[in-house]
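Chains as they are written, first to last, in this note's numbering: chain A, 88 to 199; chain B, 2 to 198. Cβ atoms here follow ideal geometry from the backbone N, Cα and C, with glycine treated the same way. If you're wondering where the values come from, they're calculated on a predicted model, not measured in any experiment. One structure is given below, encoded as structure tokens.
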Amino acid sequence: MQDSDLDDLFGQARQPVAVPAALMARVLSDADALQPVAPVRPRKARLWQGLWAGIGGFGGLAGLSTAAMAGLWIGFAQPTALVAVTDAFLPVDVVAETYNILPGFDEFLDEG
Amino acid sequence: MPFDAASDTPDEALLVLYASGDRAAAQELAARHLPLVLGFATRMLAGDRAEAEDVAQEAMLRLWRVAPDWRTGEAKVSTWLYRVVANLCTDRLRGKKRRRAVGLDDAPDVADDTQGVEAVLVDGDRMAALNAALDELPDRQRQAVVLRHIEGLSNPEIAEVMDIGVEAVESLTARGKRALTQAMAGRRAELGYEEGS
């Protein structure tokens with residue numbers, strides 16, 4: 088018998104076998120019987136615990152702080168693109184008057 | 002678990018879900034693995050469907066039991082199941098041989114696996130001939146050949162299932178295939194194969 092004939096037979100043998108419904112039912116009922124019960128988490132009534140969980144613990148606090156600091160930085164630094172936005176809220180007219188405190192001495196050098 | 006997500010979830014994730022109380026996970030696992038387990042057990046036990054169903058149920062039971070302790074990343078669920086089935090079948094076959102040797106009169110009726118290749122070939126059924134030839138192989142050779150050529154496992158996976166080295170697997174599959182070829186040789190006409198094909 089050729090190898091290829093044997094391989095053909097193997098190919099035929101690879102058909103998935105049909106599982107009888109009764110067997111599937113027995114297997115699933117075993118699964119139900121042995122399944123661990125999902126643990127019930129105790130409810131904590133403390134306010135701070137709830138707030139802490141709401142913010143997201145240390146990870147959430149870190150993110151919150153980063154966002155706050157980034158906001159402050161943007162506010163101070165005023166990148167050009169933002170100036171248009173901030174001017175709409177708080178227009179700041181910068182009037183700079185210069186006082187010539189130290190005039191040059193060139194005029195005094197002219198004779199007469 | 003949404004319906005469409007079930008078929009993409011990896012086996013180990015389903016096992017963890019099952020251990021956490023998810024009821025749908027068990028159904029998906031059973032749908033995926035029970036056909037493979039049943040098919041493999043049937044071949045190992047020479048076509049005895051009742052025993053194969055027992056073995057299949059026992060193997061899945063062990064899976065449910067190990068689920069809470071399953072260490073992810075160590076083994077594939079399918080490989081683990083094949084190993085359990087292989088060991089269960091080996092035990093049952095050894096038990097059968099012991100009972101047969103002891104006393105035939107009061108022994109329960111054993112499935113007719115003594116039917117030789119020649120007898121089965123009379124009606125020219127190729128698949129039955131292959132099954133009969135497989136049944137005549139020594140247990141370990143049959144295991145290796147079925148896992149390699151029917152279940153489609155790789156040699157390293159078979160090594161894990163049978164708890165032997167990869168070279169031993171290759172040797173078993175080669176010897177098994179040779180023995181099958183010999184068992185079915187000379188019957189090509191009866192099997193319906195044409196000359197020179």
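Under 7 Å between beta-carbons, which chain B residues line up against residue i? List them in chain order, please.
| i | result |
| --- | --- |
| Met111 (chain A) | Ala31, Leu35 |
| Asp180 (chain A) | In chain order: nothing, as chain B lies at least about 59 Å away. |
Run down chain A in chain order and give the residues with a C-beta less than 8 Å from the C-beta of residue i.
| i | result |
| --- | --- |
| Thr80 (chain B) | What Thr80 (chain B) touches in chain A: nothing, since even the nearest Cβ is about 18 Å away. |
| Met128 (chain B) | Leu96, Gln99, Ala100 |
| Ile151 (chain B) | Phe97, Ala100, Arg101 |
| Gly96 (chain B) | Here the premise fails: no neighbours, minimum Cβ distance about 21 Å. |
| Glu54 (chain B) | Pro107, Leu110 |
| Ala27 (chain B) | Leu115, Ala118, Asp119, Gln122 |
How big is the Cα-Cα spacing for residue i and residue j?
| i | j | result |
| --- | --- | --- |
| Leu189 (chain A) | Ala183 (chain A) | 17 Å |
| Lys77 (chain B) | Gly166 (chain B) | 18 Å |
| Arg84 (chain B) | Asp95 (chain A) | 26 Å |
| Ala186 (chain B) | Lys178 (chain B) | 12 Å |
| Glu13 (chain B) | Ala68 (chain B) | 9 Å |
| Val106 (chain A) | Arg33 (chain B) | 11 Å |
| Asp140 (chain B) | Val147 (chain B) | 11 Å |
| Arg63 (chain B) | Ser152 (chain A) | 50 Å |
| Ala140 (chain A) | Leu134 (chain A) | 10 Å |
| Arg127 (chain B) | Glu75 (chain B) | 40 Å |
| Glu137 (chain B) | Glu158 (chain B) | 24 Å |
| Asp117 (chain A) | Ala47 (chain B) | 26 Å |
| Met156 (chain A) | Ala164 (chain A) | 12 Å |
| Phe97 (chain A) | Glu171 (chain B) | 17 Å |
| Ile161 (chain A) | Leu177 (chain A) | 15 Å |
| Pro166 (chain A) | Thr173 (chain A) | 10 Å |
| Leu173 (chain B) | Arg93 (chain B) | 21 Å |
| Leu115 (chain A) | Gly96 (chain B) | 28 Å |
| Pro103 (chain A) | Arg24 (chain B) | 25 Å |
| Leu15 (chain B) | Ala26 (chain B) | 5 Å |
| Met163 (chain B) | Phe145 (chain A) | 49 Å |
| Thr185 (chain A) | Ala154 (chain A) | 39 Å |
| Ala129 (chain B) | Leu30 (chain B) | 30 Å |
| Met111 (chain A) | Trp65 (chain B) | 14 Å |
| Gly125 (chain B) | Cys90 (chain B) | Low confidence applies to Gly125 (chain B): its pLDDT is 45, below 50, so where it sits in the model is not reliable, and the reading given next is rough at best. Their Cα atoms are separated by approximately 29 Å. |
| Arg113 (chain A) | Ala169 (chain B) | 37 Å |
| Gly158 (chain A) | Asp9 (chain B) | 42 Å |
| Thr80 (chain B) | Glu161 (chain B) | 7 Å |
| Ala133 (chain B) | Asp70 (chain B) | 40 Å |
| Lys98 (chain B) | Thr73 (chain B) | 38 Å |
| Leu169 (chain A) | Phe192 (chain A) | 44 Å |
So which residues of chain B does residue i contact, with C-beta pairs closer than 8 Å?
| i | result |
| --- | --- |
| Ala214 (chain A) | This structure leaves residue 214 (chain A) out entirely; chain A is present only between 88 and 199. |
| Val241 (chain A) | Given that chain A is displayed from residue 88 to residue 199, the structure contains no residue 241 (chain A) and the question cannot be resolved. |
Alpha helix (DSSP H) containing residue i: first to last residue?
| i | result |
| --- | --- |
| Asp95 (chain A) | 90 to 100 |
| Thr73 (chain B) | Neither: Thr73 (chain B) is in no alpha helix (DSSP H) and is coded neither H nor E. |
| Asn156 (chain B) | 156 to 163 |
| Val38 (chain B) | 24 to 45 |
| Phe29 (chain A) | The first residue shown for chain A is 88 and the last is 199, placing residue 29 (chain A) beyond what the model contains. |
| Ser116 (chain A) | 108 to 121 |
| Leu169 (chain A) | 167 to 176 |
| Val67 (chain B) | 50 to 67 |
| Asp136 (chain B) | 127 to 137 |
| Glu168 (chain B) | 167 to 185 |
| Asp140 (chain B) | 140 to 150 |
Anything in chain A within Cβ reach of residue i, meaning under 9 Å, just list it in chain order.
| i | result |
| --- | --- |
| Trp71 (chain B) | Near Trp71 (chain B) there are no residues of chain A at all, since even the closest Cβ is about 12 Å away, more than 9 Å. |
| Tyr19 (chain B) | Ala118, Gln122, Pro123 |
| Lys178 (chain B) | Asp90, Leu93 |
| Arg93 (chain B) | Near Arg93 (chain B) there are no residues of chain A at all, since even the closest Cβ is about 17 Å away, more than 9 Å. |
| Arg99 (chain B) | Chain A residues near Arg99 (chain B): none, gap ~27 Å exceeds 9 Å. |
Mind pulling the chain A residues with CB within less than 7 Å of residue i?
| i | result |
| --- | --- |
| Leu181 (chain B) | Leu93 |
| Met61 (chain B) | Val114, Asp117 |
| Leu57 (chain B) | One point to set straight first is that residue 57 (chain B) is Ala, not Leu, in the sequence displayed. Ordered by position in chain A, the residues that pass the 7 Å Cβ test against Ala57 (chain B) are Leu110. |
| Gly22 (chain B) | Gln122, Pro123, Val124, Ala125 |
| Leu131 (chain B) | Leu96, Ala100 |
How about residue i: is its C-beta nearer than 8 Å to some C-beta of chain D?
| i | result |
| --- | --- |
| Gln144 (chain B) | Absent from the structure: chain D. Protein chains present are A and B. |
Open item on the list: I'd like to know if the region 173 to 188 of chain B and the region 90 to 98 of chain A are in contact, where contact means that at least 3 CB-CB pairs between them fall below 8 Å.
Closed with: Yes, since at least three Cβ pairs between the region 173 to 188 of chain B and the region 90 to 98 of chain A fall closer than 8 Å, the two stretches touch.
Task: Inter-stretch contact at 8 Å, needing at least 3 Cβ pairs: the region 143 to 159 of chain B / the region 34 to 53 of chain B - done: A contact exists between the region 143 to 159 of chain B and the region 34 to 53 of chain B.
Task: Three CB pairs or more closer than 8 Å across the region 110 to 125 of chain A and the region 16 to 30 of chain B - done: Yes, the region 110 to 125 of chain A is in contact with the region 16 to 30 of chain B.
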